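> What follows is a structure written as structure tokens; I'll ask about it next.
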Amino acid sequence: MNILLTVSTFTVLILSAFFIFLNMGKEKIVFNRYLLLMLLMGVFSLMLEYVSQVLASPWLHFVLEFPIGLLYGPGLLLLIHNLPQNHTPTQPIWLHLIPFFVALIIYSIIVQDSDLHYRYSLDYTMAMLFITTLHLGCYLLYLRPSVSRILRGRIKENKITKGAWYLSFLILIASLFSSLKDMINDAGNIYIHRIISLLLYSMFLLGAWFIFFTQRRLKKMWYSIEKSNEERDVSALEKNNNKEKYTIPLIPLTRDQEVSYRGRIELFIQTLAYLDSDLNKDKFSSQLEIPVHHIAPFLKQEFGKGFNAFVNQLRLNYAIRQLKSEELMYTIEDLSMVCGFNSRASFYRNFQAEFGCSPHQYRLDYEEPLN
């Protein structure tokens with residue numbers, strides 16, 4: 005069992021390192037710092053467990069008791085939340101970390117009192133393993149509808165691939181329940197505790213891999229669509245710009261109309277409704293209850309732009325705020341979808357025309373003085 009556990013531990017550690025490399029190195033995207041911290045803490049915990057057992061160190065009990073597993077569920081939630089295709093509102097991440105911090109306080113109390121630790125160490129370790137299993141299981145069930153909603157109608161399901169993912173999860177779940185049963189029958193077996201800890205982290209890592217590959221497939225699909233739309237976007241953009249430049253009618257508006265329209269547009273901007281990729285002049289008119297023939301004259305009067313130029317400017321300003329944020333929640337490539345542009349090419353073209361550089365260069369130039 006010791007040899008198998010050692011091989012499994014190193015296999016999981018290698019897969020973890022490769023996963024981090026794919027996200028931070030090869031793909032050259034901005035990795036969520038909180039998720040990276042959770043991954044590194046999980047890897048560090050597994051390494052400490054292995055080293056402590058090899059050295060027959062009493063620290064192994066302290067490592068196994070640490071509630072690292074309560075971070076795995078929130079870690080998967082962060083991955084789902086960062087998908088550009090996810091439009092489900094989520095609670096602040098700190099709310100999902102409350103169980104971890106509560107368990108951390110209890111852990112601190114137990115390890116600081118030697119008598120308390122001696123009496124309740126084993127019971128606390130077993131309780132934490134059961135709670136972590138339940139906690140991670142609830143997150144997997146909670147996130148499954150979100151993943152299905154994101155994939156529905158976007159990616160054609162491959163039965164073999166889908167079966168492989170389900171089989172992997174089922175094997176881990178079956179192994180986990182079997183190990184929990186063994187732990188009840190042999191509570192003092194430290195190998196079983198380590199196996200359960202490894203299985204819990206493996207489920208977290210497998211979920212992270214699944215979401216990572218899902219995002220890659222969505223990107224490939226998006227890029228193939230945008231290539232076919234690029235020429236159409238160019239011609240449409242030129243046509244709309246020329247039309248707005250030369251054919252905006254001069255329609256007099258009353259003072260009350262101007263005040264009313266101004267308030268509605270301010271609300272439109274505050275609610276980020278311009279990020280809707282399906283937004284057009286008719287939809288804008290319907291949402292704000294502004295007659296279509298009043299939109300162009302009012303926008304020209306207030307903002308000096310036609311409808312398309314006005315919306316594109318708002319989207320570019322939103323992209324700039326994202327690029328200036330200390331922690332970029334989306335990859336730069338995904339900003340085209342997030343900001344509402346119909347294609348990545350359209351986003352890059354408008355960004356280049358407005359700011360004179362690519363989004364990548366803007367991000368690098370902004371971060372350079374900070375470093």
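For the sequence shown, my numbering assigns the number 5 to the initial residue and increments by one for each residue that follows. Backbone N, C-alpha and C fix where the C-beta goes; we use that ideal spot for every residue, glycine too. Quantities reported herein were computed from a predicted structural model and do not represent experimental measurements.
Where does the unbroken alpha helix (DSSP H) through E293 begin, and where does it stop?
Unbroken run through E293: none, as it is neither H nor E.
> Where in the region 58 to 120 do unbroken runs of the alpha helix (DSSP H), each at least 4 residues long, occur, reported from the N-terminal end onward?
63 to 69, 76 to 86, 97 to 100 and 102 to 116
> Which class does Y146 belong to by DSSP, given the choice of helix, strand or coil?
helix
> So the alpha helix (DSSP H) T10 belongs to, where does it begin and stop?
T10 -> alpha helix (DSSP H) spans N6 to F25.
> With burial defined as no fewer than 16 other Cβ atoms inside 10 Å of the residue's Cβ, what is the status of S206: buried or exposed?
buried
> So A107 and P71 are supposed to be a Cβ contact under 8 Å. How far apart are they, rounded?
About 4 Å separates the two Cβ atoms, so the contact holds.
> At the level of alpha carbons, what is the spacing between T10 and Y54?
Approximately 8 Å between the Cα atoms of the pair.
> So S172 and L126 are supposed to be a Cβ contact under 8 Å. How far apart are they, rounded?
Approximately 31 Å separates the beta-carbon atoms of S172 and L126; this is outside 8 Å, ruling out the contact.
> Have a look at E31 and I299 and give me their C-alpha separation to the nearest angstrom.
Model confidence at E31 stands at a pLDDT of 44, short of 50, so the residue's coordinates are unreliable and nothing is read from them.
> Drop a sphere of 10 angstroms on the beta-carbon of F14, count the other beta-carbons inside from all chains shown, and report buried for 16 or more, exposed for fewer.
Exposed: under 16 other Cβ atoms inside 10 Å.
> Going straight from the alpha carbon of F104 to that of I135, what length do you get?
11 Å
> Would you mind reading off the limits of the alpha helix (DSSP H) that contains D260?
R259 to Q274 is the span of the alpha helix (DSSP H), which, as asked, contains D260.
> Assess contact between the region 108 to 125 and the region 66 to 80, defined as three or more Cβ pairs (one per stretch) separated by less than 8 Å. Is contact present?
yes
> Residue range of the alpha helix (DSSP H) that F181 falls in?
K163 to N189 is the extent of the alpha helix (DSSP H) around F181.
> Using a Cβ-Cβ cutoff of less than 7 Å, which residues in the same chain neighbour L327 once the five nearest sequence positions on both sides are dropped?
These residues qualify, in order along the chain: P363, Y366, R367 and Y370.
> Hey, how far is the Cα of L133 from the Cα of L26?
30 Å
> Under DSSP, the alpha helix (DSSP H) around N354 begins and ends at which residues?
Per DSSP, N354 belongs to the alpha helix (DSSP H) from R348 to F359.
> Going by CA-CA distance only, name the one from Y124, A178, L83 and F208 that's closest to H139.
The residue with the shortest Cα to Cα distance from H139 is F208.
> So, R259 versus E293, is the Cβ gap smaller than 9 Å?
no
> Measuring CB to CB, does A212 end up less than 9 Å from L80?
yes
> Nearest by alpha-carbon distance to N343: which of N284, E306 and L279 is it?
Residue identity differs from the one stated: residue 343 is Cys in this sequence, not Asn. Nearest C-alpha to C343: L279.
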